[in-house]
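Chemist:
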Amino acid sequence: MQTLILKSGRERSLINRHPWVFSGAVKELPQAQNGEIIRVVDNHNNLLGFGFFSTNSQITCRVFEFTNEEILINADFWVNKILSAYHLRKQLIDFSHTNIFRLLHAEGDFLPGVIIDIYATVAVVQILIRGTENIKENIFDALRQIGFKHIYVKTKSNTQRLEDVTTPCGWVGEPCEMPVEATENGIKFLVDVETGQKTGFFIDQRESRKLLGEFSKNKKVLNTFSYSGGFSLYALEGGATLVHSVDSSKDAIEMCERNVKLNYPATTNHESFVADVFDYLKNTEVDYDVMVLDPPAFAKNSRAVANAARGYKNLNLIAFKKIKPGGMIFTFSCSQHIDRDLFRKIVFSAAADAKRNVRVIRQLTQPDDHPINIFHPEGEYLKGLMLYVE
Ligand code: SAH
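Whatever position you read off the sequence shown (first residue = 1), add 36 for the working numbering.
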């Protein structure tokens with residue numbers, strides 16, 4: 037196995053178990069191919085761990101095991117990593133009510149470069165780097181062992197992390213007819229893993245959707261950036277008298293309508309709109325009691341932070357101006373590059389401009405099945421605030 041040698045003094049972050057080795061920390065590159073598993077040592081040749089080598093990323097190596105002992109990295113090693121992630125999910129999720137969950141959350145489960153999302157009998161494997169592409173058969177074996185009948189590989193990533201992964205999107209073995217029907221907290225959702233955004237659904241909002249449902253009784257709810265209606269369904273379930281879903285994607289709104297019909301075939305309380313959220317909010321004359329603001333990541337990289345901050349501020353400002361006195365706003369940012377403090381400052385400044393009294397009722401984050409590796413704070417990407425607006 038080839039070895040990467042760090043510059044003197046650059047071992048600190050690895051001793052602190054941060055999984056990324058940046059190119060600037062490297063004294064001597066390994067004689068390895070892109071994606072190969074390599075040893076990482078400090079300047080005195082002390083072993084620090086093992087990781088996936090990258091030839092075409094600022095992150096030269098993504099460490100998946102911190103150890104000072106030589107270990108055997110074979111099929112069982114990978115299968116065990118996935119089984120252990122599944123074992124944790126069994127403790128976190130009540131499978132009798134929820135069969136939509138994230139089985140493996142990359143660095144959050146000590147396996148960089150891969151995400152596995154589950155929709156009933158379907159496992160969607162998002163392969164983000166060559167290193168995990170090389171071990172994909174072991175990943176599929178683990179999923180078959182657990183009992184997932186259908187495996188779909190998703191390599192078209194809209195994250196910037198995609199590195200020359202050559203596996204095309206598609207089914208491994210037996211395909212499943214799309215969309216698949218799956219359940220979250222007892223609510224049914226149709227998910228199309230082939231054509232949907234991300235792996236087909238935004239699993240990371242499960243807890244916040246549930247919370248919204250608890251505050252929806254007899255309320256008029258506006259769900260902006262609704263995608264396939266996640267928050268809208270919980271609002272209906274919670275007893276909202278009116279729910280409006282807004283998304284610019286026609287496909288998303290179609291799926292949203294199907295999801296409403298699937299759960300509430302007779303309801304007249306829901307209406308959806310294919311529209312730009314900013315336009316919709318500016319023009320609406322409905323006096324909503326509750327608003328959900330869950331936009332896509334405005335900052336895709338650190339250079340985009342200033343622009344993104346303006347986008348978030350503008351969005352929150354319009355919502356503050358429009359919401360009914362005594363209303364609730366659930367506002368989110370899923371940009372990894374906008375941290376919790378900055379997001380709060382942005383929302384603060386929108387509230388000040390709108391001249392409304394605003395209280396933080398609850399701080400929101402990603403759910404249990406999206407664990408944050410304590411050594412890798414970058415993994416905490418989703419933040420939200422539940423606000424009471426006077
Ligand atoms: N809250 C959703 C997930 C939102 S994902 C859930 O719980 O499932 C972000 C969504 O915003 C996507 O569906 C995308 O189509 C939509 N979108 C992006 N920009 C938009 C805009 N300017 N106006 C309306 N929708 C937009």
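Glycine is no exception: its CB is placed at the ideal position from the N, C-alpha and C atoms. Source: prediction; values computed, not measured.
Given 7 Å as the limit, tell me if alanine 142 has its C-beta closer than that to any heavy atom belonging to the ligand SAH.
Modeler: Incorrect: alanine 142 has no Cβ contact closer than 7 Å to the ligand SAH.
Chemist: Of all the CB atoms in chain B, is at least one closer than 8 Å to the CB of isoleucine 41?
Modeler: Given the protein chain composition of this structure (a single chain), no chain B is represented.
Chemist: Should glutamine 241 go down as buried or exposed, given a rule of 16 or more other Cβ atoms within 10 Å for buried?
Modeler: Per the 10 Å Cβ criterion, buried.
Chemist: Regarding glutamine 181 and the ligand SAH, is the C-beta to nearest heavy atom distance less than 7 Å?
Modeler: No, the beta carbon of glutamine 181 sits no closer than 7 Å to any heavy atom of the ligand SAH.
Chemist: Using only the alpha-carbon positions, how far apart do isoleucine 354 and aspartate 78 sit?
Modeler: Straight-line Cα distance between these residues: approximately 52 Å.
Chemist: Kindly indicate which three-state DSSP category threonine 195 falls into: helix, strand or coil?
Modeler: Its pLDDT being 46, under 50, threonine 195 is placed unreliably by the model, and the measurement read from it follows with that caveat. Note: threonine 195 maps to coil in three-state DSSP.
Chemist: Pull up the DSSP beta-bridge partners for tryptophan 56, would you.
Modeler: Paired residues: Arg98.
Chemist: What does the alpha-carbon distance come out to for the pair serine 44 and glutamate 64?
Modeler: Those two C-alpha atoms are separated by around 11 Å.
Chemist: Going by alpha carbons, who is nearest to methionine 327 out of Val201, Leu108, Ala335, Tyr316?
Modeler: It is Tyr316 whose Cα lies nearest to the Cα of methionine 327.
Chemist: Got a sec, what are the start and stop residues for the beta strand (DSSP E) serine 281 sits in?
Modeler: It spans 278–283 - the beta strand (DSSP E) in which serine 281 sits, taken as one unbroken run.
Chemist: Would asparagine 135 pass as a contact of threonine 203 if the rule is Cβ separation under 8 Å?
Modeler: No. Outside cutoff.
Chemist: Do you know offhand how far threonine 320's Cα is from glycine 266's?
Modeler: Distance between the alpha carbons of threonine 320 and glycine 266: 22 Å.
Chemist: To which residues of the same chain is glutamate 293 closer than 7 Å at the C-beta, ignoring the five residues directly before and after it?
Modeler: The answer, listed in chain order, is Ser308.
Chemist: List in chain order the residues whose CB is within less than 5 Å of at least one heavy atom of the ligand SAH.
Modeler: For the ligand SAH, the selected residues are Phe238, Gln241, Phe261, Tyr263, Gly266, Asp283, Ser284, Ser285, Ala288, Asp312, Val313, Asp330, Pro332.
Chemist: Within 10 angstroms of its Cβ, does threonine 195 collect 16 or more other Cβ (buried), or is it exposed?
Modeler: For threonine 195, the predicted structure reports a pLDDT of 46, less than 50, and the residue's modelled location is therefore unreliable. A value from the coordinates is still provided. Exposed.
Chemist: Please report how far the alpha carbon of arginine 197 lies from the alpha carbon of leucine 164, in whole angstroms.
Modeler: For arginine 197, the predicted structure reports a pLDDT of 48, less than 50, and the residue's modelled location is therefore unreliable. The matter cannot be settled from this model.
Chemist: Could you give the distance in angstroms between the alpha-carbon of valine 394 and the alpha-carbon of glutamate 230?
Modeler: When rounded, the distance between both Cα atoms is 41 Å.
Chemist: Could you tell me whether the Cβ atoms of lysine 256 and threonine 277 are closer together than 8 Å?
Modeler: For lysine 256 and threonine 277, yes; Cβs fall inside 8 Å.
Chemist: Which of the three DSSP states is assigned to histidine 133 in this structure?
Modeler: Here histidine 133 sits in coil by DSSP.
Chemist: If we ignore side chains and look at the alpha-carbon of each, how far apart do asparagine 350 and lysine 190 end up?
Modeler: Computed Cα separation, rounded: 34 Å.
Chemist: Taking the CB atoms as reference points, tell me whether tryptophan 114 and alanine 68 lie closer together than 8 Å.
Modeler: No, the pair does not count as a contact, with Cβ atoms beyond the cut-off.
Chemist: Using the beta-carbon count (16 or more within 10 Å), is alanine 111 buried or exposed?
Modeler: Result: exposed.
Chemist: Exposed or buried, which one is methionine 364 when buried takes at least 16 other CB atoms within 10 Å?
Modeler: Its Cβ being crowded by 16 or more others within 10 Å, methionine 364 is buried.
Chemist: What's the C-alpha gap between threonine 260 and arginine 46?
Modeler: Cα to Cα, the separation comes out at about 45 Å.
Chemist: In terms of residue numbering, what span does the beta strand (DSSP E) encompassing serine 369 cover?
Modeler: Per DSSP, serine 369 belongs to the beta strand (DSSP E) from 363–369.
Chemist: Return helix, strand or coil for arginine 242, following the three-state DSSP convention.
Modeler: In this structure, arginine 242 counts as helix in the three-state DSSP scheme.
Chemist: Alpha helix (DSSP H) containing arginine 48: first to last residue?
Modeler: Counting along the chain, the alpha helix (DSSP H) containing arginine 48 begins and ends at 48–51.
Chemist: Is the segment 95–106 close to the segment 365–383, with three or more CB pairs under 8 Å?
Modeler: Contact between the segment 95–106 and the segment 365–383 is absent, because fewer than three Cβ pairs lie under 8 Å.
Chemist: Tell me whether glycine 236 is buried or exposed, calling it buried when 16 or more other Cβ atoms sit within 10 Å of its Cβ.
Modeler: Buried: at least 16 other Cβ atoms inside 10 Å.
Chemist: Check tyrosine 424 in the structure and name its three-state DSSP category.
Modeler: Looking at tyrosine 424 - three-state DSSP - the assignment turns out to be strand.
Chemist: Rounded to whole angstroms, what's the CA-CA distance from asparagine 116 to glutamate 101? Just pull it up for me.
Modeler: If I take the Cα positions, the gap works out to 13 Å.
Chemist: Would serine 338 be called buried (16 or more neighbouring beta carbons within 10 Å of its own) or exposed?
Modeler: Serine 338 is exposed by the Cβ-count criterion.
Chemist: Residues in the same chain with beta-carbon distance under 8 Å from phenylalanine 411, minus the five sequence neighbours each way, listed in chain order, please.
Modeler: Correct list, in chain order: Asn52, Arg53, His54, Pro55.
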